[in-house]
Amino acid sequence: MDTLQIYPALSLALNLVLACAVIGIVLWGLARARLASSALIQAIERLHEDNERLERELRQALDSNASSARIEADHRLGQMQSAFGAQLAQTTGVHTEQLGLYGRTMQNHLSEWSAATQRGLAEIRLTLEARLQALQSGNEFKLDQMRATVEEKLQTTLEARLGESFRLVSERLEQVHQGLGEMQTLAAGVGDLKRVLGNVKVRGTFGETQLATLLEQVLLPDQYAVNQATRPGSSERVEFAVRLPGRGDGEAVWLPIDAKFPAEDYERLQAAQEQGDAEAVEDAARALENRIKVEARSIRDKYIEPPYTTDFAILFVPSESLFAEILRRPGLVDMLNRERRVVIAGPTTLPLQSRRENRLPNFRQEI
Numbered sequence: 078m079d080t081l082q083i084y085p086a087l088s089l090a091l092n093l094v095l096a097c098a099v100i101g102i103v104l105w106g107l108a109r110a111r112l113a114s115s116a117l118i119q120a121i122e123r124l125h126e127d128n129e130r131l132e133r134e135l136r137q138a139l140d141s142n143a144s145s146a147r148i149e150a151d152h153r154l155g156q157m158q159s160a161f162g163a164q165l166a167q168t169t170g171v172h173t174e175q176l177g178l179y180g181r182t183m184q185n186h187l188s189e190w191s192a193a194t195q196r197g198l199a200e201i202r203l204t205l206e207a208r209l210q211a212l213q214s215g216n217e218f219k220l221d222q223m224r225a226t227v228e229e230k231l232q233t234t235l236e237a238r239l240g241e242s243f244r245l246v247s248e249r250l251e252q253v254h255q256g257l258g259e260m261q262t263l264a265a266g267v268g269d270l271k272r273v274l275g276n277v278k279v280r281g282t283f284g285e286t287q288l289a290t291l292l293e294q295v296l297l298p299d300q301y302a303v304n305q306a307t308r309p310g311s312s313e314r315v316e317f318a319v320r321l322p323g324r325g326d327g328e329a330v331w332l333p334i335d336a337k338f339p340a341e342d343y344e345r346l347q348a349a350q351e352q353g354d355a356e357a358v359e360d361a362a363r364a365l366e367n368r369i370k371v372e373a374r375s376i377r378d379k380y381i382e383p384p385y386t387t388d389f390a391i392l393f394v395p396s397e398s399l400f401a402e403i404l405r406r407p408g409l410v411d412m413l414n415r416e417r418r419v420v421i422a423g424p425t426t427l428p429l430q431s432r433r434e435n436r437l438p439n440f441r442q443e444i
């Protein structure tokens, strides 16, 4: 409160000093401007001295008052610090007590919440275990039912299929038994045929018989001749000759057809093929090829005599497999046609090949 009273006195003193200074300056200026008299100057000087003295007194008073105010302010500041420290300590103690109480309260709440959570988790675990056990029991029951159903169906299907399989196996075994009987009969027939074909004369008769049967199926009796002499003045007679119109004097033109069956060479080729011996296969095939060339040369030299005959003859082989082997030899058929003037024919190709050459008309159609 004393400090607040000092500040207006200081302000008033300062204002007075400033006013005096301003008045002095103005008066001094007027004195200098108007060249006033020395008395006035002396008065001004005295006034200036008075002002300085007053200023010193005021400064001393101000210093004294400032020291008192500083001491008072320091004292008040110490009191305020002491009071603030005491209040802060009291407040800190209260806050510490409140925080401790709050901590204890929170710890109690957390303990209660943890216990409640543990109880809830235990209840949930018990509920889940019960439901899982119930679900497992239900699944096991359903799996047992499905297993029983599947086993029943599998048993029924297995019995049905096994019964069907046994029936099929029985039928197949019966068929195999019948086939074995037929194969035994066929083996006996093949043995008889092999014995028949073992004789060269019989093999020739077999080829002639098959050729005769084929010609009977495609020609009329007066359209071919058997054991016909095709070259004038020659005693050689071809097995079969087809009568074709061709000369202007009414005489027939003969188409010689001779059957050949080189069984030995063909059997050696088959045996080599069954053994898988490539070198033996090639040797047997080459021997068969040479045999066919020899037979073709013989037919050409014995039976072809244009204009009494056609300019080619037919070499008939009574086996389709033998015919296929001859065709398989590279260049053989072309060489026989070009050099020997002989056409190779099999049991199924004789009529077709004759029509292709446009030499043998279809007499069945003409009838």
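According to the working numbering, the sequence shown is numbered sequentially starting from 78.
Positions of the beta carbon are idealized from the N, C-alpha and C atoms, including for glycine.
CB of residue 418 within 9 Å of CB of residue 368, strictly: Taking the sequence shown and counting its residues from 1, one reaches residue 418 at position 341. Taking the sequence shown and counting its residues from 1, one reaches residue 368 at position 291. No.
For residue 365 and residue 293, what's the separation of their Cα atoms in angstroms? The sequence position of residue 365 within the sequence shown is 288, counting from 1. The sequence position of residue 293 within the sequence shown is 216, counting from 1. Computed Cα separation, rounded: 29 Å.
Residue 395 versus residue 337 - alpha carbon distance: Reading the sequence shown from its first residue, position 318 is the one you call residue 395. Reading the sequence shown from its first residue, position 260 is the one you call residue 337. Distance between the alpha carbons of residue 395 and residue 337: 8 Å.
Which class does residue 218 belong to by DSSP, given the choice of helix, strand or coil? In the sequence shown, counting from the first residue as 1, residue 218 sits at position 141. Reduced to three states, the DSSP call for residue 218 is helix.
Does residue 366 have its Cβ less than 9 Å from a Cβ in chain C? The structure shown contains no chain C; it is built from a single protein chain.
Whole angstroms are fine: how far does the CA of residue 128 sit from the CA of residue 98? Counted from its first residue, the sequence shown places residue 98 at position 21. Counted from its first residue, the sequence shown places residue 128 at position 51. So the alpha carbons of these two residues sit roughly 8 Å apart.
Would you identify the three-state DSSP class for residue 343, choosing helix, strand or coil? On the sequence shown, residue 343 is found 266 positions in, with the first residue counted as 1. Three-state DSSP puts residue 343 in a helix.
Rounded to whole angstroms, what is the Cα-Cα separation between residue 392 and residue 373? As a working note, residue 392 is residue 315 in the sequence shown. As a working note, residue 373 is residue 296 in the sequence shown. Those two C-alpha atoms are separated by around 7 Å.
To the nearest angstrom, how far is it from the Cα of residue 94 to the Cα of residue 151? As a first step, residue 94 must be located in the sequence shown, where it is residue number 17. As a first step, residue 151 must be located in the sequence shown, where it is residue number 74. Taking the straight line joining both Cα atoms gives about 30 Å.
For residue 403, write down the residues that DSSP places opposite it in a beta bridge. Along the sequence shown, read from residue 1 onward, the residue named residue 403 stands at position 326. Answer by DSSP bridge pairing: none, since residue 403 is not bridged.
Go to residue 303, then tell me how far its alpha helix (DSSP H) extends in each direction, as first and last residue. As a working mapping, residue 303 is identified with position 226 in the sequence shown. Residue 303 -> not in any alpha helix (DSSP H); beta strand (DSSP E) instead, spanning 301-305.
Alpha carbon to alpha carbon, how far is residue 206 from residue 236? For the purposes of this step, residue 206 is identified with residue 129 of the sequence shown, where counting begins at 1. For the purposes of this step, residue 236 is identified with residue 159 of the sequence shown, where counting begins at 1. Each residue's alpha carbon lies about 44 Å from the other.
Using 10 angstroms around the beta-carbon of residue 333, count the other beta-carbons present and answer buried if the total reaches 16, otherwise exposed. In the sequence shown, residue 333 corresponds to position 256, counting from 1. Residue 333 is buried by the Cβ-count criterion.
Quick one: residues in its chain with C-beta nearer than 6 Å to the C-beta of residue 76, no 5 flanking neighbours on either side, listed in chain order? No answer is possible for residue 76: the residues shown for the chain start at 78 and end at 444.
Could you pull out every residue in the same chain whose Cβ sits closer than 7 Å to the Cβ of residue 423, ignoring the five residues on either side in sequence? What you label residue 423 is simply residue 346 of the sequence shown in a count that begins at 1. For residue 423, where only same-chain residues beyond five positions count, the Cβ hits under 7 Å are 394, 397 and 400.
Going by the beta-carbon positions, is the gap between residue 300 and residue 320 smaller than 9 Å? In the sequence shown, counting from the first residue as 1, residue 300 sits at position 223. In the sequence shown, counting from the first residue as 1, residue 320 sits at position 243. Cβ distance < 9 Å, so residue 300 and residue 320 count as in contact.
So for residue 234, helix, strand or coil by DSSP? By 1-based counting over the sequence shown, the position of residue 234 is 157. In the structure shown, residue 234 sits in a helix (DSSP, three-state: H, G or I).
For residue 309, which three-state DSSP category applies? Numbered from its first residue, the sequence shown carries residue 309 at position 232. Three-state result, residue 309: coil.
For residue 92 and residue 123, what's the separation of their Cα atoms in angstroms? Taking the first residue of the sequence shown as 1, we reach residue 92 at position 15. Taking the first residue of the sequence shown as 1, we reach residue 123 at position 46. Near 20 Å, if we compare the C-alpha coordinates of residue 123 and residue 92.
Residues that DSSP places opposite residue 392 in a beta bridge: Along the sequence shown, one-based indexing puts residue 392 at 315. According to DSSP, which records beta bridges pairwise, residue 392 is partnered with 335 and 421.
Compare the C-alpha of residue 344 against each of 311, 317, 291 and 402 and name the closest. If you number the sequence shown from 1, residue 344 lands on position 267. Residue 344 has its Cα closest to that of 402, out of 311, 317, 291 and 402.
From the DSSP secondary-structure annotation, give me the bridge partner or partners of residue 386. Here residue 386 refers to the residue found at position 309 of the sequence shown. Its beta-bridge partners are 331.
Let me know the secondary structure DSSP gives residue 273 once reduced to three states. Here residue 273 refers to the residue found at position 196 when the sequence shown is read from its first residue. For residue 273, the predicted structure reports a pLDDT of 44, less than 50, and the residue's modelled location is therefore unreliable. The matter cannot be settled from this model.
Cβ pair residue 318, residue 380 closer than 9 Å: Start at 1 with the first residue of the sequence shown, and residue 318 comes out as number 241. Start at 1 with the first residue of the sequence shown, and residue 380 comes out as number 303. Yes. Within cutoff.
For residue 335, count the other beta carbons within 10 Å of its own beta carbon; 16 or more makes it buried, fewer makes it exposed. Which is it? Position 258 of the sequence shown, counted from the start, is the residue given in the question as residue 335. Buried, since its Cβ has 16 or more Cβ neighbours within 10 Å.
According to DSSP, is residue 278 helix, strand or coil? Position 201 of the sequence shown, counting from 1, holds the residue named residue 278. With a pLDDT of 43 at residue 278, under the threshold of 50, the modelled position of this residue cannot be trusted, and the question is left open.
Along the chain, where does the alpha helix (DSSP H) containing residue 316 start, and where does it finish? One-based indexing of the sequence shown puts residue 316 at position 239. Note, residue 316: premise wrong, no alpha helix (DSSP H); beta strand (DSSP E) at 315-322.
Give me the residue from 427, 194, 426 and 388 with the minimum Cα distance to residue 416. Stepping through the sequence shown from its first residue, residue 416 is reached at position 339. When 427, 194, 426 and 388 are compared, the shortest CA-CA separation from residue 416 is found for 388.
So, with DSSP's three-state summary, where would you put residue 381? One-based indexing of the sequence shown puts residue 381 at position 304. If DSSP states are grouped into helix, strand and coil, residue 381 belongs with coil.
So which of 184, 156 and 96 has the shortest CA-CA distance to residue 132? What you label residue 132 is simply residue 55 of the sequence shown in a count that begins at 1. Residue 132 has its Cα closest to that of 96, out of 184, 156 and 96.
Hey, how far is the Cα of residue 352 from the Cα of residue 410? What you label residue 352 is simply residue 275 of the sequence shown in a count that begins at 1. What you label residue 410 is simply residue 333 of the sequence shown in a count that begins at 1. Residue 352 and residue 410 have their C-alpha atoms some 27 Å from each other.
Does the separation of the CB atoms of residue 340 and residue 361 fall below 9 Å? For the purposes of this step, residue 340 is taken as the residue at position 263 of the sequence shown. For the purposes of this step, residue 361 is taken as the residue at position 284 of the sequence shown. No, the pair does not count as a contact, with Cβ atoms beyond the cut-off.
Consult DSSP for residue 177 and reduce its assignment to one of helix, strand or coil. Position 100 of the sequence shown holds residue 177. If DSSP states are grouped into helix, strand and coil, residue 177 belongs with the helices.
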